[in-house]
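Below: the structure, in structure tokens.
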Amino acid sequence: VQLQASGGGLVQAGGSLRLACAASGSIFDFNAWAWYRQEPGKQRELVASTIFGGSTSYADSVKGRFIISINSVKKTAYLQMNSLKPEDTAVYYCNARRLVGTRVEDYWGQGTLVTVSS
């Protein structure tokens with residue numbers, strides 16, 4: 003299974019970007035998707051997540067600005083990022099999780115860089 007993240011780039015503060023994360027090589031559905039981000043020298047932080055069944059959650063810093071969505075047919079996750087701020091600058095990683103009994107399988111994308119200029 004491979005996750006391919008795309009959509010990062012350079013944007014001015016106040017602008018928008020839409021990240022996508024497409025899964026390939028998978029014949030099964032995932033139980034949850036998430037987006038993380040990591041700034042240089044800092045720990046990776048959870049930005050947004052969604053569980054099949056409709057539950058979503060967001061970091062306080064992005065609430066009201068970011069939206070996570072899933073196309074289960076395409077096995078693709080999206081992160082719509084609006085009203086971007088310079089502090090949103092980071093490498094964004096997608097994560098897909100599959101639960102098999104008590105075992106958790108995590109898959110990660112390669113990361114896509116988002117740079118927000120002031």
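Residue 92 in our numbering sits at position 90 of the sequence shown, with consecutive numbering throughout. All C-beta atoms in this analysis are idealised placements derived from N, C-alpha and C, irrespective of residue type, glycine included. Note that the structure is predicted; figures quoted are calculated from it, not measured.
Taking just the CA atoms, how far does residue j sit from residue i?
{"i": "ILE29", "j": "LEU21", "result": "23 Å"}
{"i": "GLU89", "j": "GLN6", "result": "24 Å"}
{"i": "THR58", "j": "THR91", "result": "22 Å"}
{"i": "LEU81", "j": "ASN97", "result": "12 Å"}
{"i": "THR64", "j": "ASN84", "result": "For the record, residue 64 in the displayed sequence is Val; it is not Thr. Whole-angstrom Cα-Cα distance: 9 Å."}
{"i": "ARG67", "j": "GLU107", "result": "29 Å"}
{"i": "ALA121", "j": "SER120", "result": "Since the first and last residues shown for the chain are 3 and 120, residue 121 lies out of range."}
{"i": "SER51", "j": "GLY17", "result": "22 Å"}
{"i": "LYS77", "j": "LEU101", "result": "16 Å"}
{"i": "GLY43", "j": "TYR109", "result": "23 Å"}
{"i": "SER69", "j": "GLY56", "result": "Note that residue 69 is Ile in the sequence shown here, rather than Ser. Each residue's Cα considered, the two are about 13 Å apart."}
{"i": "ASN73", "j": "GLN112", "result": "20 Å"}
{"i": "THR104", "j": "VAL49", "result": "25 Å"}
Just to confirm my understanding: we take residue i, look at its own chain, exclude 5 residues before and 5 after, and list those with CB closer than 8 Å. What are they?
{"i": "GLU47", "result": "TYR38, ARG39, GLN40, ALA61"}
{"i": "SER53", "result": "The sequence given here places Ile at residue 53; Ser does not occur at that position. Excluding residues within five positions, the ones whose Cβ falls inside 8 Å are ASN33, ALA34."}
{"i": "LEU99", "result": "Here residue 99 turns out to be Arg, not Leu, going by the sequence shown. Cβ neighbours of ARG99 beyond the five flanking positions: PHE32, ASN33, ALA34, TRP35, ALA36, VAL106, GLU107, ASP108, TYR109."}
Going by DSSP, name the residue or residues bridged to residue i.
{"i": "THR117", "result": "LEU12"}
{"i": "ASN73", "result": "THR78"}
{"i": "GLY111", "result": "LEU5"}
{"i": "ALA22", "result": "SER8, TYR80"}
{"i": "TRP34", "result": "A small fix is needed here, since residue 34 is Ala in this sequence, not Trp. DSSP lists ILE53, ARG99 as partners of ALA34."}
{"i": "ALA61", "result": "In DSSP, ALA61 forms no bridge with anything."}
{"i": "GLN40", "result": "VAL93"}
{"i": "TYR105", "result": "Here residue 105 turns out to be Arg, not Tyr, going by the sequence shown. DSSP output for ARG105 lists VAL102 as bridge partner(s)."}
{"i": "LEU48", "result": "TYR38"}
What residues in its chain sit with their C-beta under 6 Å from that of residue i, if we drop five residues either side in the sequence?
{"i": "SER71", "result": "TYR80"}
{"i": "VAL93", "result": "GLN40, GLY113, LEU115"}
To the nearest whole angstrom, what separates the beta carbons of residue i and residue j, a pair I think is in contact under 8 Å?
{"i": "LEU12", "j": "THR114", "result": "About 12 Å; that fails the 8 Å criterion."}
{"i": "LEU19", "j": "GLY9", "result": "6 Å"}
Got a sec? Which residues, its chain only, sit under 7 Å from residue i by beta carbon, not counting five neighbours each side?
{"i": "LYS87", "result": "ALA15, VAL118"}
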